[in-house]
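Enquirer:
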Amino acid sequence: MTHDAMIWFWNQYLAESFGRIEPGGSLLYAGDLSEFPPAVILTAEHDVLRDEGEVYAGRLQKAGVLTDVRRFAGRIHGFFSLLTLPDSELDFQ
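Each residue of the sequence shown is one higher than the one before, counting from 45 in the numbering used here.
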């Protein structure tokens, strides 16, 4: 994934005029997370957005929010839509 491709995707997600470094654009910019609900954060090993998801999960945990984090090894962005997960990978309760 190139830098230009990521900019294109970001532009599809949010218009340039929208405050991209505000919580409405990305929860990474939210202030106090302590009142957020429990969360399940699933990331893929080969996803360009993996680190952002894991940083967000870490911030939730640091704020005391019950957070279940799981990185799926060998997987790419959008892997859930591929429906190729063995049952053993889905059992992470």
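Ideal Cβ positions, reconstructed from N, Cα and C, are used throughout, including at glycine. Keep in mind it's a predicted model, so treat the numbers as computed, not measured.
Start and end of the alpha helix (DSSP H) containing glycine 122?
Expert: Element bounds for glycine 122: n/a, residue is neither H nor E.
Enquirer: Does DSSP classify valine 109 as helix, strand or coil?
Expert: coil
Enquirer: How would you label tyrosine 73, buried or exposed, when you count the other beta carbons within 10 angstroms and need 16 or more for buried?
Expert: By the neighbour-count rule (16 or more Cβ atoms within 10 Å), tyrosine 73 is not buried but exposed.
Enquirer: Span of the alpha helix (DSSP H) holding alanine 74?
Expert: Taken as a continuous stretch (DSSP letters only), alanine 74 belongs to no alpha helix (DSSP H), as it is neither H nor E.
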